[in-house]
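As numbered in numbering that gives the first Met the number 0, residues 0 to 118 make up the sequence shown, in order.
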Amino acid sequence: MILLTDELRERLLANGRDPGADHVPVVKFFNPLGEGVWLATELDPDGDMLYGLADLGFPEIGSFSLEELASVRLPVDMGIERDILFATELPLSVWADAAHQAGSIRAAERIVVNCPFPA
């Protein structure tokens, strides 16, 4: 699977040009066989370093490598995947708060689905 389409890449790069903002996550990556969820809001001009919320057992905001995500090889010839149905209008701070309260990004999804759109 292609982890980033051209459209997603452009949106992430645009957000990266405004690094101080509380951006809405553009894309969600996940491990289909276990722990590991990443919500990306920004992409550095180098085309590799993403910024967002990463959860490998404890959700935390920071940077992670697109190249490293793409290089992960799982059993039965699987890899990290992009959630093609992911869409949100909530900023990263809301996701981070929900993930910390719930203990994971996956659990936070059940919380934020009922959140009203921020004014």
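Ideal Cβ placement from N, Cα and C applies to all residues, glycine included. As the structure is a prediction and not an experimental result, all values here were calculated from the model.
6 Å CB neighbourhood of residue i in its chain, flanking five on each side removed
i: F85; result: K27
i: L73; result: L32
i: S62; result: M48 and Y50
i: I60; result: L52 and A95
Close-in-space but distant-in-sequence residues of the same chain around residue i (CB under 7 Å, 5 per side omitted)
i: R105; result: V36
i: E9; result: none
i: D43; result: G15
i: L123; result: In this structure the chain extends from 0 to 118, so residue 123 is not present and cannot be described.
i: A97; result: A107, I110 and V111
Contacting residues, own chain, Cβ-Cβ under 8 Å from residue i (five flanking each side not counted)
i: P18; result: E41 and Y50
i: H99; result: P58
i: E66; result: D47
Beta-carbon spacing of residue i, residue j below 8 Å
i: A95; j: L52; result: yes
i: H22; j: N14; result: yes
i: I79; j: L91; result: no
i: V25; j: L11; result: yes
i: M77; j: L32; result: yes
For residue i, the first and last residue of its enclosing alpha helix (DSSP H)
i: P43; result: Checking the displayed sequence, the identity of residue 43 turns out to be Asp instead of Pro. Where D43 is concerned, there is no enclosing alpha helix (DSSP H), given that its DSSP letter is neither H nor E.
i: V111; result: I104 to V111
i: E9; result: D5 to G15
Test: residue i CB closer than 8 Å to a CB of chain D
i: A107; result: No chain D is part of this structure, which consists of one protein chain only.
Bounding residues of the beta strand (DSSP E) (the contiguous stretch that carries residue i)
i: I60; result: P58 to S64
i: V93; result: Where V93 is concerned, there is no enclosing beta strand (DSSP E), although the alpha helix (DSSP H) it sits in stretches over L91 to A101.
Cβ-Cβ separation, residue j to residue i (assumed contact under 8 Å), whole Å
i: L7; j: E34; result: Between E34 and L7 the Cβ distance is about 23 Å, and since that is not below 8 Å, they are no contact.
i: D158; j: S64; result: With the chain covering only 0 through 118, there is no way to say anything about residue 158.
The ligand MN heavy atom lying under 7 Å from the CB of residue i
i: N113; result: Absence of the ligand MN from the depicted structure is noted, as is the absence of any ligand whatsoever, leaving it without description.
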